[in-house]
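The sequence shown lines up with residues 147 to 461 when you count with the numbering used here. Ideal placement from N, C-alpha and C gives every residue a C-beta, glycine not left out.
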Amino acid sequence: VVMLLAGGIFFFSHRDALLDFERKIGSISNNTLFYDHLGSPFRSLKGLESREVIPLAEFSRELQLSVLAAEDSRFFQHRGIDLLRIFGAIWTNLQSGSFRQGASTITQQLVKVTLLDPEKTLSRKFREMAISIWLEFYLGKEKILEHYLNSIYLGYGNYGMEKAATGYFGTSVSSLSLAQSAFLAALIKKPEYYLRIPDLKAGRVLFTPEELKEVLLRQQLILKRMNELEWISHQQFQQALVEQLGVRVPRTEAGSGNYFVQHVIKLLQTKHRLGQVYGGGWRVWTTFYPELQQILEKVIQKHFIQNAPTGRQIA
């Protein structure tokens, strides 16, 4: 009752922003530019309007269920926040003595990346929970899930499931297999960790199994969870485990600096919303030194690429 009352007060004090949610999520359009140490522009980030916005009905059932199993299996049972999951996470974290498990719902995740700055404070968390409750009343489950699937980041500049499906598999979200769907769902949590940096040799087309090791382990956990929830049969589960995915190496902009830019983006996103970073029309001056970066990338690619889990080593 207290939460709903406080949420109601917050809603009416931020009514215009909340009711304008759909415009906000779709209007991110001004490119952000990065400048090197001499003040010359070397990279442009396209606003989120470059993503492919797809109606929920066009997302395959396998993909929707994979995402729910990975991020919020009780999505259609809660009202924006999941109290059972919150108490379960608290108990798990107390037992482990560390913060290992979160309890954010899909609705909360959407609010976090579109309406709130990513500061880690109790007041921000409370605002996130309050907005999530009211957003469910305002938009409804289907629209929230649609926005989420079209907005999440899945690595290598892929925002939204359609972009990721095209980038990694050369197909659309309506044609993804169960194994491919679980693979994309596995990337949501931490794409920069689960996808190792590919060895970008000339003519390289596919990731190697070693480069996909972490994400495939998480994919298997998601498939197992779907089977436990009886969303897929045991036969489907077994078939998906052995499917050869053929994950394509993403095409990046020509020239060096891709890893450097991704690291800077990650730093910016610790203090600013996703839309601000990608579509705020910012001008970001960095210490980027093109010639030195090219040398470093060649050395890393030649000697250390197999042991590099993220782009940070090169940036």
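Neighbourhood of residue i by C-beta distance below 8 Å, restricted to the same chain and skipping five residues each side
i: residue 287; result: 221 and 222
i: residue 206; result: 319, 320, 321, 322 and 327
i: residue 219; result: 371 and 375
Burial state of residue i (16 or more Cβ within 10 Å)
i: residue 224; result: buried
i: residue 380; result: exposed
i: residue 253; result: buried
i: residue 437; result: exposed
i: residue 228; result: buried
i: residue 263; result: exposed
i: residue 283; result: exposed
i: residue 357; result: buried
i: residue 363; result: exposed
i: residue 389; result: exposed
i: residue 236; result: exposed
Nonlocal neighbours in the same chain, by C-beta distance under 7 Å from residue i, ignoring five residues either side
i: residue 378; result: 324 and 372
i: residue 366; result: 387
i: residue 204; result: 319 and 320
i: residue 336; result: none
i: residue 214; result: 221
i: residue 271; result: none
Best match in the options for proximity to residue i [C-alpha to C-alpha]
i: residue 100; options: 283, 439 and 198; result: It is not possible to answer for residue 100, since the shown part of the chain is limited to 147 through 461.
i: residue 256; options: 283, 226, 267 and 231; result: 226
i: residue 391; options: 231, 339, 359 and 405; result: 359
i: residue 187; options: 231, 249 and 428; result: 428
i: residue 266; options: 355, 415 and 364; result: 415
i: residue 209; options: 233, 308, 439 and 393; result: 308
i: residue 305; options: 406, 431, 430 and 423; result: 423
i: residue 299; options: 251, 259, 317 and 383; result: 259
i: residue 293; options: 201, 189 and 251; result: 201
Own chain, CB closer than 6 Å to residue i, minus 5 neighbours either side, in chain order
i: residue 433; result: 183
i: residue 417; result: none
Residue i, DSSP secondary structure in three states
i: residue 429; result: strand
i: residue 294; result: helix
i: residue 253; result: helix
i: residue 180; result: strand
i: residue 190; result: strand
i: residue 394; result: strand
i: residue 302; result: coil
i: residue 352; result: strand
i: residue 195; result: Bear in mind that the predicted position of residue 195 carries a pLDDT of just 48, short of 50, making it unreliable; the figure below should be weighed with that in mind. Three-state result, residue 195: helix.
i: residue 377; result: coil
i: residue 227; result: coil
i: residue 174; result: Note on residue 174: pLDDT 49, under 50, position unreliable in the model; the coordinate value appears next. Residue 174: coil per DSSP, three-state reduction.
i: residue 388; result: helix
i: residue 283; result: helix
i: residue 319; result: coil
i: residue 435; result: coil
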